[in-house]
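K.L.:
Residue numbers (the working numbering): 27 to 385.
Input: one structure, supplied below.
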Ligand SMILES: Cc1ncc(COP(=O)(O)O)c(C=O)c1O
């Protein structure tokens with residue numbers, strides 16, 4: 027292959043670990059089980075028709091920041107909205123972990139933290155989860171001091187609830203980490219916060235200006251195709267982060283649809299209630315499986331340990347059900363991740379798993 031003018035870190039990086047497969051029942055990407063409500067789509071399309079498309083949108087999505095901040099009880103000056111929290115994950119590394127800084131996280135974990143750290147050339151420290159899949163906060167705190175450089179710094183990534191295990195760390199542990207991590211950005215990824223029965227980390231973030239909460243419209247809001255995510259943080263961090271966000275980056279389509287969603291948040295609650303009921307039903311049914319074992323989850327998915335992930339994945343696919351293999355991740359041998367779907371989809375999953383669908 028001819029030499030390309032591309033950094034070795036990029037050349038050495040694997041592609042994002044995803045390949046598109048189609049199946050009648052799609053439970054592989056932790057999406058909402060239902061589309062954005064049709065009447066809200068109509069409302070958004072009507073508003074779009076009346077707006078000019080030849081004009082750029084706000085420089086920093088100011089109208090969206092106002093609306094998101096109002097909805098989440100946060101200060102607009104500490105709110106940064108962009109095209110998916112995926113984008114923010116890379117920007118926060120650029121903000122704080124380049125030039126001798128590190129990305130500190132746990133493993134296994136949502137793949138993007140480590141992938142982006144490698145792609146951007148930041149140092150990466152991954153602290154293994156304990157055998158029971160809980161986060162080892164002592165080891166994380168110890169790793170802060172071990173980072174190289176006279177003044178160790180960088181970004182800590184902590185999904186809460188954790189992905190892909192669905193486990194939930196105690197806020198007290200996160201608070202200890204926040205106290206120990208001055209000089210670092212502590213990013214708490216709350217992509218799945220709607221599905222946990224615990225206080226979220228907003229009060230904690232108010233106490234610690236170096237804490238950043240990441241949230242997304244891709245999960246409970248049912249808008250994964252729209253691509254909107256945001257950060258809630260201190261005014262000081264937000265001001266610097268905004269410099270890295272592409273100017274005028276959020277499109278008129280994204281702006282209008284997000285505003286319509288935020289003006290009509292009522293539909294989300296009923297969906298979350300459905301997901302929690304169905305998650306419990308799936309969990310209970312899977313506990314009766316002779317060979318598979320579900321992990322308790324605080325998110326809209328379940329991690330299921332099987333004797334052989336390849337075989338289990340193929341068996342489910344043969345039954346028309348697509349789930350995501352997680353068995354290449356350290357400590358997750360045999361594991362599959364299944365999104366909680368509609369009642370019918372979950373029945374199809376249970377049938378394909380060899381369990382009776384009607385519970
Ligand atoms: C923990 C976690 N963070 C972030 C994301 C990505 O969110 P977005 O769609 O806003 O880029 C996901 C998507 O699956 C996720 O699991």
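Cβ atoms here follow ideal geometry from the backbone N, Cα and C, with glycine treated the same way.
Everything numeric in this text was worked out from a predicted model, so none of it was measured.
Using the three-state DSSP reduction, which class does residue 53 fall into: helix, strand or coil?
P.N.:
For this step, residue 53 is matched to residue 27 along the chain shown. The DSSP-derived three-state label of residue 53 is coil.
K.L.:
What residue range is occupied by the uninterrupted beta strand (DSSP E) comprising residue 237?
P.N.:
The sequence position of residue 237 within the chain shown is 211, counting from 1. Segment 237–242, the beta strand (DSSP E) holding residue 237.
K.L.:
Could you spell out where the beta strand (DSSP E) holding residue 257 opens and where it closes?
P.N.:
The count along the chain shown starts at 1 and reaches residue 257 at position 231. Run containing residue 257: 255–258, per the beta strand (DSSP E) assignment.
K.L.:
Taking 7 Å as the line, does the beta carbon of residue 46 fall inside it for any heavy atom of ligand 1?
P.N.:
For this step, residue 46 is matched to residue 20 along the chain shown. Incorrect: residue 46 has no Cβ contact closer than 7 Å to ligand 1.
K.L.:
Give the straight-line distance between the Cα atoms of residue 364 and residue 187, rounded to the nearest whole angstrom.
P.N.:
Your numbering for residue 364 matches position 338 in the chain shown. Your numbering for residue 187 matches position 161 in the chain shown. Using only the alpha carbons, I get a separation of about 15 Å.
K.L.:
On the three-state DSSP scale, how would you describe residue 131?
P.N.:
Translated into positions along the chain shown, residue 131 becomes position 105. Of the three classes helix, strand and coil, the one that applies to residue 131 here is strand, per DSSP.
K.L.:
Suppose only complete runs of 4+ residues qualify. What are the alpha helix (DSSP H) ranges in the segment 124–202, listed by chain order?
P.N.:
The segment 124–202 contains, as complete alpha helix (DSSP H) runs of 4+ residues, the segments 137–146 and 163–172 (chain order).
K.L.:
May I ask whether a heavy atom of ligand 1 can be found less than 7 Å away from the beta carbon of residue 277?
P.N.:
Within the chain shown, the letter at position 251 stands for residue 277. No - ligand 1 has no heavy atom lying nearer than 7 Å to the Cβ of residue 277.
K.L.:
Just the Cα atoms here: how many angstroms apart are residue 318 and residue 228?
P.N.:
Counted from its first residue, the chain shown places residue 318 at position 292. Counted from its first residue, the chain shown places residue 228 at position 202. Looking at the two C-alpha atoms, the distance is approximately 36 Å.
K.L.:
Does residue 212 come out as helix, strand or coil in the three-state DSSP assignment?
P.N.:
For the purposes of this step, residue 212 is taken as residue 186 along the chain shown, with counting starting at 1. Strand, per DSSP.
K.L.:
Taking the alpha-carbon of residue 75 as reference, which of 350, 366 and 283 has the nearest alpha-carbon?
P.N.:
Residue numbering aside, residue 75 sits at position 49 when the chain shown is read from its first letter. Here the closest residue by C-alpha is 283.
K.L.:
On the three-state DSSP scale, how would you describe residue 328?
P.N.:
Position 302 of the chain shown, counted from the first residue, corresponds to residue 328. Three-state result, residue 328: strand.
K.L.:
Any heavy atom of ligand 1 closer than 7 Å to the Cβ of residue 83?
P.N.:
Here residue 83 is taken as the residue at index 57 of the chain shown, counted from 1. No; taking the cut-off as 7 Å, the Cβ of residue 83 has no heavy atom of ligand 1 nearer than that.
K.L.:
So, residue 263 versus residue 211, is the Cβ gap smaller than 8 Å?
P.N.:
The residue given as residue 263 occupies position 237 in the chain shown. The residue given as residue 211 occupies position 185 in the chain shown. Going by C-beta atoms, residue 263 is nearer than 8 Å to residue 211.
K.L.:
Among 190, 351, 280 and 348, whose alpha-carbon lies nearest the alpha-carbon of residue 79?
P.N.:
Position 53 of the chain shown holds residue 79. When only C-alpha atoms are compared, the closest one is 280.
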